[in-house]
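Peer 1: Quick note on the working numbering: the sequence shown kicks off at 96 and runs consecutively. Cβ atoms here follow ideal geometry from the backbone N, Cα and C, with glycine treated the same way.
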Amino acid sequence: MVEALIVNLGERSYPISFGSGLQADVRTKVAELTNAGRKVITLTDQNIAKQHGPALQAMFGAAPTLVLKPGEETKSLAEFGRVLDFMAAQQLDRTGALFAVGGGVIGDLGGFAAASYLRGIEFYQVPTTLLAMVDSSVGGKTGLNLAAGKNLAGAFHQPRGVYIDTGLLATLPAREFAAGMAEVIKYGLLGDEELFARLERAPLTVASTGLATVVRRCCALKARIVEADERELAKEGGRALLNLGHTFAHAIEQSAGYGTYLHGEAVAIGLAAAARLSQQLGTISGHETARIEAVLTAHALPVRLRAPLALPALMTAVARDKKVRAGLPRFVVLQKIGEAVTRHDGITPAMVEACFREAGAVDSL
Ligand code: ADP
Ligand code: ZN
Numbered sequence: 096m097v098e099a100l101i102v103n104l105g106e107r108s109y110p111i112s113f114g115s116g117l118q119a120d121v122r123t124k125v126a127e128l129t130n131a132g133r134k135v136i137t138l139t140d141q142n143i144a145k146q147h148g149p150a151l152q153a154m155f156g157a158a159p160t161l162v163l164k165p166g167e168e169t170k171s172l173a174e175f176g177r178v179l180d181f182m183a184a185q186q187l188d189r190t191g192a193l194f195a196v197g198g199g200v201i202g203d204l205g206g207f208a209a210a211s212y213l214r215g216i217e218f219y220q221v222p223t224t225l226l227a228m229v230d231s232s233v234g235g236k237t238g239l240n241l242a243a244g245k246n247l248a249g250a251f252h253q254p255r256g257v258y259i260d261t262g263l264l265a266t267l268p269a270r271e272f273a274a275g276m277a278e279v280i281k282y283g284l285l286g287d288e289e290l291f292a293r294l295e296r297a298p299l300t301v302a303s304t305g306l307a308t309v310v311r312r313c314c315a316l317k318a319r320i321v322e323a324d325e326r327e328l329a330k331e332g333g334r335a336l337l338n339l340g341h342t343f344a345h346a347i348e349q350s351a352g353y354g355t356y357l358h359g360e361a362v363a364i365g366l367a368a369a370a371r372l373s374q375q376l377g378t379i380s381g382h383e384t385a386r387i388e389a390v391l392t393a394h395a396l397p398v399r400l401r402a403p404l405a406l407p408a409l410m411t412a413v414a415r416d417k418k419v420r421a422g423l424p425r426f427v428v429l430q431k432i433g434e435a436v437t438r439h440d441g442i443t444p445a446m447v448e449a450c451f452r453e454a455g456a457v458d459s460l
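1. With Ile201 and Thr139 assumed to form a contact (beta carbons below 8 Å), what rounded beta-carbon distance in angstroms separates them?
2. Tell me the rounded alpha-carbon separation between Leu337 and Ala445.
3. By alpha-carbon positions, which one of Ala192, Val221, Thr237 and Phe194 ends up nearest to Lys170?
4. Could you tell me which whole alpha helix (DSSP H) segments of length 4 or greater appear in the region 101 to 170?
5. How would you write the range of the alpha helix (DSSP H) that Gly359 sits in, first residue to last?
6. Would Ile101 be called buried (16 or more neighbouring beta carbons within 10 Å of its own) or exposed?
7. Curious, which full-length alpha helix (DSSP H) runs of at least 4 residues does the region 272 to 297 contain?
8. Thr261: which of Ile320, Ser108, Thr308 and Tyr356 sits nearest, CA to CA?
9. Check the DSSP bridge columns for Lys431 and list the partner residues they point to.
10. Output yes or no for whether 7 Å exceeds the beta carbon distance between Leu316 and Tyr282.
11. Identify whether Asp260 lies in helix, strand or coil by the three-state DSSP scheme.
12. Terminal residues of the continuous beta strand (DSSP E) containing Gln220?
13. Cβ of Ala335 within 7 Å of Cβ of Thr437?
14. As a quick exercise: from Gln118, Glu327 and Leu372, pick the residue whose alpha carbon is nearest that of Gly441.
15. Under 6 Å from any heavy atom of the ligand ADP, does the C-beta of Val200 make it?
16. Do you know how far the Cα of Leu213 is from the Cα of Thr38?
17. Have a look at Cys314, Phe451 and Gly114 and flag the residue whose alpha-carbon is nearest the alpha-carbon of Pro407.
18. I'd like the span of the alpha helix (DSSP H) that includes Val413, first residue to last.
In structure tokens, the structure reads:
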């Protein structure tokens with residue numbers, strides 16, 4: 096059992112527990128709530144319900160459970176409505192609590208439903224993908240997709256507790272595990288040189304004994320950043336640093352069509368591109384770029400596009416990125432391995448194009 100981590104956000108502070116086999120802890124929390132006369136409901140998806148039936152039973156007993164279809168399409172207004180209706184049908188009052196057991200989709204949708212129902216009830220997270228463990232369990236971003244784009248509706252709603260049971264990852268498809276590793280490598284690059292060195296020495300696998308410790312390090316780093324800039328208002332640095340590689344990644348996901356690359360795969364290509372951008376700025380060397388690519392590759396991640404994409408479409412997507420302020424793209428670049436900064440100046444479209452070209456983009460398809 097790894098020591099719990101407290102995310103310090105004043106009265107919205109909450110603990111994250113880490114380990115392998117946290118079912119008893121969840122069970123205790125559920126019993127505590129129900130013994131106090133409070134209703135508990137669970138949200139999960141079909142894959143998790145199928146693979147982890149006994150674990151769900153052990154944690155939640157007979158608590159009402161809504162099982163949704165797996166996949167990004169579930170983060171929709173229609174499914175959001177279904178979750179709210181389910182809460183109402185279960186006659187949840189303001190003291191009710193929602194446990195979201197799943198990957199990013201279930202966590203984001205469940206969190207937003209908890210934020211909205213009766214103007215907000217408590218929610219708890221039991222993330223089941225590596226990506227959700229290191230990413231969405233800290234920070235309180237919840238939401239869903241609209242026809243016009245991803246994550247366009249949502250709210251900040253901090254969970255009251257997060258249970259990160261790395262034992263649940265045993266059934267996660269290898270490709271999904273690798274995708275989560277892209278975010279883990281991102282944390283090493285942006286703020287934890289030792290973590291990067293550890294991944295460089297030996298690739299992390301689902302069977303690694305240090306898995307829970309590594310996940311904790313990622314959450315601790317994210318917690319520090321979120322604590323300092325909960326609502327992403329910092330002019331420099333702050334929460335934006337978590338977007339290392341993501342301006343490139345979002346452009347790739349959008350140009351290739353959502354679903355072609357898993358988010359983490361696009362992030363891996365984006366991290367390699369961010370390294371090349373940093374190299375052009377002279378902050379890191381070609382040798383360091385090569386080390387970064389080697390770590391990504393060792394974790395079964397792509398560093399180049401699997402099929403060429405057109406540069407103009409990629410550049411249009413970059414210009415539309417949320418981080419564009421006053422027409423100037425703000426990129427996150429590396430000062431060194433283990434330290435990232437936000438940069439407004441000195442980055443030209445030609446430099447960004449060169450990064451995409453090295454990733455395999457072409458003038459036209
Ligand atoms: P993410 O956390 O990457 O945003 P999703 O919520 O879309 O992703 O989950 C990715 C896929 O993995 C989904 O098909 C989901 O049902 C499945 N999944 C999630 N957790 C597990 C698990 N522990 N074992 C097996 N499959 C899982
Ligand atoms: Zn990401």
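Peer 2: To lay it out plainly:
1. Contact check for Ile201 and Thr139: beta-carbon distance about 6 Å, within the 8 Å limit, so the pair qualifies.
2. Approximately 24 Å, taken between the alpha carbons.
3. Shortest Cα-Cα distance from Lys170 to any of Ala192, Val221, Thr237 and Phe194 involves Thr237.
4. Qualifying alpha helix (DSSP H) stretches, in chain order: 118 to 130, 141 to 146 and 148 to 155.
5. Counting along the chain, the alpha helix (DSSP H) containing Gly359 begins and ends at His358 to Leu376.
6. Counting of Cβ neighbours within 10 angstroms places Ile101 among the exposed residues, the total staying below 16.
7. For the region 272 to 297, whole alpha helix (DSSP H) runs of length 4 or above, ordered along the chain, are 288 to 296.
8. Among Ile320, Ser108, Thr308 and Tyr356, the Cα nearest to that of Thr261 is on Thr308.
9. Bridge pairing for Lys431: Glu434 [DSSP].
10. In this structure, Leu316 places its C-beta atom within 7 Å of the C-beta atom of Tyr282.
11. In this structure, Asp260 counts as strand in the three-state DSSP scheme.
12. Boundaries of the beta strand (DSSP E) around Gln220: Glu217 to Pro222.
13. Cβ atoms of Ala335 and Thr437: closer than 7 Å.
14. With distances taken between CA atoms, Gly441 lies nearest to Leu372 out of Gln118, Glu327 and Leu372.
15. At least one heavy atom of the ligand ADP is nearer than 6 Å to the Cβ of Val200, so yes.
16. Shown here, the chain extends from 96 to 460; a query on residue 38 therefore has no answer.
17. Cα-wise, what sits closest to Pro407 is Phe451.
18. Taken as a continuous stretch (DSSP letters only), the alpha helix (DSSP H) holding Val413 covers Leu406 to Arg415.
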